[in-house]
Amino acid sequence: MRKRDTAAVAVLGLLAATLSACGAGGGDDSANGANGATTIRLAHNSNAGVLSARVADEQGFFAEHDIQVEFTQVENVETLPPTLGNSFDIVLSTPTLLLSGSAQGLDLVEAAGTSVEVPDNPTAAVIGSAGTGTRSAEDLAGRTIGVLNQTGTLHLATQYWLDRAGVPLDSVDVVQVDPPAGKDQLMAGRIDAVETVTPFIDQILAEDDATLLAYPHLEMASEIGLILWATSGDWAADNPRALEGFRSALDQAATWIEDPANEREARGTLAEYTGLPSDVIASLQLPVYAAEPRPQDHEIWLAAMREYAGFTGEVDLDELVAGAP
Numbered sequence: 000m001r002k003r004d005t006a007a008v009a010v011l012g013l014l015a016a017t018l019s020a021c022g023a024g025g026g027d028d029s030a031n032g033a034n035g036a037t038t039i040r041l042a043h044n045s046n047a048g049v050l051s052a053r054v055a056d057e058q059g060f061f062a063e064h065d066i067q068v069e070f071t072q073v074e075n076v077e078t079l080p081p082t083l084g085n086s087f088d089i090v091l092s093t094p095t096l097l098l099s100g101s102a103q104g105l106d107l108v109e110a111a112g113t114s115v116e117v118p119d120n121p122t123a124a125v126i127g128s129a130g131t132g133t134r135s136a137e138d139l140a141g142r143t144i145g146v147l148n149q150t151g152t153l154h155l156a157t158q159y160w161l162d163r164a165g166v167p168l169d170s171v172d173v174v175q176v177d178p179p180a181g182k183d184q185l186m187a188g189r190i191d192a193v194e195t196v197t198p199f200i201d202q203i204l205a206e207d208d209a210t211l212l213a214y215p216h217l218e219m220a221s222e223i224g225l226i227l228w229a230t231s232g233d234w235a236a237d238n239p240r241a242l243e244g245f246r247s248a249l250d251q252a253a254t255w256i257e258d259p260a261n262e263r264e265a266r267g268t269l270a271e272y273t274g275l276p277s278d279v280i281a282s283l284q285l286p287v288y289a290a291e292p293r294p295q296d297h298e299i300w301l302a303a304m305r306e307y308a309g310f311t312g313e314v315d316l317d318e319l320v321a322g323a324p
């Protein structure tokens, strides 16, 4: 189920100091939780894409499917794939981590989708400024871009966009800029453009000199997933009913969030696990939610990783979705 609603998007995460386990999980759909429910140990960061899972728990949708979820918040999701089968059963991840982890021999599959980038609700952008003379992709040749990090999906998408515009990638300098500092760095002319995400997009574009250059993810496809729920192939094979129930509960949550009558409560849930200020929570949009896995995105990300990140690993795309025939 896909939805669109107004609330807040928290895409950013800070590095976590530790991982914490949440108790024992059950294989073979074993009844090991309260009231005979299957316990799923789940880890995620402060991403708004997580909201459907949090709502599914609070509104009892997981319980309807005999699932009990134990949440652990770990901001650095890059640390999570190796924990599957040990500390956690399902973790928040990205298509690039799924692909690279699989190539490294980790038993990784997509358990469910979370949210989808679409044209009428983008959550990431590259912004230039009139002051630095950056009004198009072509203007960035020989210039400096501030990036969230050089290994994430946003920078990979930015490279895709620049390359398609004919900009030599080796002519572009990149420096890491924390999102809250992006506006000041750009307006001061210390960088010529900046990669940024909601809620900082609107804050930067409110400046008279700011110029929207692109929504890079949407240059790769008209609709594309940026984050997902990952699990191990073994867990998925041992827990088919729990996996189906997990997806169904997320779908129910997406429908619930879509209902305007639930807006205040949904925002309250978002505030609880993100820690964002109330004014930020009140002013922003949620992403579009999609609980079904998105195997169509894996090929897009794999091609981009090979072309721009030097990725040479072998990946069987047909084996990357849990429960796929």
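Just so you know, we're using numbering that gives the first Met the number 0 here: the sequence shown kicks off at 0 and counts up by one.
Each residue gets a CB set at the ideal place from its N, CA and C atoms; glycine is no exception.
- With fewer than 16 other Cβ atoms inside 10 Å of its own Cβ, residue 174 counts as exposed.
- Residue 226: not part of any alpha helix (DSSP H); DSSP gives it neither H nor E.
- Apart from the 5 residues on each side of it in sequence, residue 128 sits with its Cβ closer than 7 Å to the Cβ of 185, 186, 208, 209, 210 in its chain, given in chain order.
- For the 7 Å CB-CB criterion, residue 53 and residue 272 form a contact.
- In the DSSP assignment, residue 277 falls within the alpha helix (DSSP H) that extends over 277-282.
- The beta carbon of residue 291 sits closer than 6 Å to the beta carbons of 112 from its chain, once the five residues preceding and following it are set aside; these are given in chain order.
- Residue 116 sits buried, since 16 or more C-beta atoms from the chains shown fall within 10 Å of its C-beta.
- Here the segment 296-312 does not lie against the segment 67-87, with fewer than 3 beta-carbon pairs under 8 Å apart.
- Judged by DSSP in its simplified three-state form, residue 171 adopts coil rather than helix or strand.
- Take residue 200, set aside five residues on each side of it, and the residues of its chain with a beta-carbon closer than 6 Å to its own are 124, in chain order.
- Around the beta carbon of residue 313, a 10 Å sphere encloses fewer than 16 other beta carbons of the protein chains shown; the residue is thus reported as exposed.
- Between residue 256 and residue 266, the CB-CB gap reaches or exceeds 7 Å.
- At least 7 Å separates the beta-carbon of residue 215 from that of residue 150.
- The beta carbons of residue 143 and residue 191 sit closer together than 7 Å.
- When only Cα atoms are considered, residue 45 and residue 72 end up about 8 Å apart.
- Looking at 258, 260, 284, the one whose alpha-carbon comes closest to that of residue 269 is 284.
- With a cutoff of 7 Å on beta-carbon distance, residue 48 and residue 114 are scored as near each other.
- Inter-residue distance for residue 160 and residue 94 is about 18 Å (C-alpha atoms, whole angstroms).
- With a cutoff of 7 Å on beta-carbon distance, residue 92 and residue 227 are scored as near each other.
- With contacts defined by Cβ atoms closer than 7 Å, residue 145 and residue 176 form a contacting pair.
- Per the coordinates, the alpha-carbon of residue 79 lies some 32 Å from the alpha-carbon of residue 203.
- With contacts defined as CB atoms closer than 7 Å, residue 89 and residue 62 fail to qualify as a contacting pair.
- For residue 53, the enclosing alpha helix (DSSP H) starts and ends at 50-57.
- One Cα belongs to residue 262, the other to residue 43, and the distance between them is close to 22 Å.
- Along the length of the segment 165-214, whole alpha helix (DSSP H) runs at least 4 residues long occupy 181-186, 199-204, reported in chain order.
- Under the 10 Å beta carbon count, residue 172 is surrounded by fewer than 16 other beta carbons and is classified as exposed.
- Taking all protein chains shown into account, residue 244 has 16 or more neighbouring C-beta atoms within 10 Å of its C-beta and is therefore buried.
- Assignment of residue 287 by DSSP, reduced to helix, strand and coil, places it in the strand class.
- Cβ contact annotation for residue 139 (same chain, cutoff 7 Å, sequence separation greater than five): 133, 161, 166, 171, 191, 192, in chain order.
- Cβ contact annotation for residue 252 (same chain, cutoff 6 Å, sequence separation greater than five): 51, 54, 55, 60, in chain order.
- Separation of the CB atoms of residue 64 and residue 248 is rounded to 5 Å, and the pair is thereby assigned contact status at 8 Å.
- Going by beta carbons, residue 66 and residue 241 fall inside the 7 Å limit.
- Annotation: residue 155 to residue 141 spans about 18 Å, alpha carbon to alpha carbon.
- Residue 194 places its beta carbon less than 7 Å from that of residue 147.
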